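First the structure, in the form of structure tokens, and then the observations on it.
Residue numbers (the numbering used here): 2 to 234.
Shown next, in the form of structure tokens:
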């Protein structure tokens, strides 16, 4: 029975088919089926290996973005918001610390999900793909992504986050010039390295834009959540 929620990986489907067919086929039929399945398994392995070669350029692409965050973007941001940290920590340090702890839990769960899903579907045949996925995850460790974190919050965490957003609604205004200049610089940088590693995009490109309110929320949470001690990744 088809399900949108539950489904087999290719490897699980191979096992499921073998487990069921060996109960109903005679010896001759089972031998024929095993030969057919072995061919399909080898084809699937090769498909994963061939596709993984394509991931090398994405590894290089994300490595450069991580380096840009570590060496340029984050140090400049931490320096810019030093005076704001005093006000935030003075009044609401326990709430901020709680939210940082919850963000670390979110990161841990996201990494576990990446690893489980990768090995479930790819086993050991797509190491570059895993490397690219973990580099993308590392970016979330370096620069908190509130929009994604928000989707995974429990109710107490959501209440604390909403309280801090309301209380520090004015913070993005203090860094308005910085956010604007860095957004322009970062957009230009991404376009350049996309061209360098991934080539020119063909066809239509879908761009997801934030509403003003979403942008403000993300900026507030970047100010609050970003940590010079860094999150464990």
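Note that the Cβ used here is the ideal one computed from N, Cα and C, for glycine as well. Values in this document were obtained by computation on a predicted structure and should not be read as measured data.
Buried/exposed call for residue i, threshold 16 Cβ in 10 Å
i: residue 50; result: exposed
i: residue 29; result: exposed
i: residue 193; result: exposed
i: residue 225; result: buried
i: residue 169; result: buried
i: residue 41; result: exposed
i: residue 219; result: buried
i: residue 195; result: exposed
i: residue 108; result: buried
i: residue 82; result: buried
i: residue 227; result: buried
Whole-angstrom C-beta distance between residue j and residue i, which should lie under 8 Å
i: residue 198; j: residue 61; result: 5 Å
i: residue 104; j: residue 150; result: 6 Å
i: residue 165; j: residue 96; result: 6 Å
i: residue 134; j: residue 115; result: 5 Å
i: residue 57; j: residue 129; result: 5 Å
i: residue 158; j: residue 223; result: With 8 Å as the limit, residue 158 and residue 223 do not qualify as a contact, their Cβ atoms being about 17 Å apart.
i: residue 138; j: residue 234; result: 7 Å
Residue from the options whose Cα sits closest to the Cα of residue i
i: residue 111; options: 129, 136 and 87; result: 136
i: residue 229; options: 71, 20 and 48; result: 71
i: residue 126; options: 210, 81, 46 and 195; result: 46
i: residue 161; options: 99, 113, 180 and 220; result: 99
i: residue 172; options: 52, 217, 106 and 91; result: 217
i: residue 221; options: 107, 194 and 89; result: 89
i: residue 244; options: 191, 224, 210 and 219; result: Outside the modelled stretch of the chain, which goes from 2 to 234, sits residue 244, for which no answer is possible.
i: residue 35; options: 19, 115 and 48; result: 19
i: residue 131; options: 144, 181 and 52; result: 52
i: residue 39; options: 59, 16, 55 and 54; result: 16
i: residue 77; options: 214, 176, 210 and 189; result: 176
i: residue 211; options: 147, 6, 79 and 106; result: 147
i: residue 74; options: 54, 184 and 153; result: 184
i: residue 213; options: 174, 189, 200 and 182; result: 174
i: residue 142; options: 59, 106 and 118; result: 106
Limits of the unbroken alpha helix (DSSP H) element including residue i
i: residue 133; result: 128-143
i: residue 47; result: 28-54
i: residue 157; result: 156-168
i: residue 180; result: 177-198
i: residue 61; result: 57-69
i: residue 121; result: 83-123
i: residue 226; result: 213-226
i: residue 72; result: No alpha helix (DSSP H) contains residue 72, which DSSP labels as neither H nor E.
i: residue 8; result: Premise fails: residue 8 is in no alpha helix (DSSP H) and is neither H nor E.
i: residue 148; result: 147-152
Min CB distance residue i to chain B below 8 Å
i: residue 46; result: Absent from the structure: chain B. Only one protein chain is present.
Segment contact, 8 Å Cβ cut-off, at least three pairs: the segment 4-20 with the segment 115-124: As far as the Cβ criterion goes, the segment 4-20 touches the segment 115-124, which means the pair count is three or higher.
Cβ contact (3+ pairs, closer than 8 Å) linking the segment 12-24 and the segment 77-95: Segments in contact, no.
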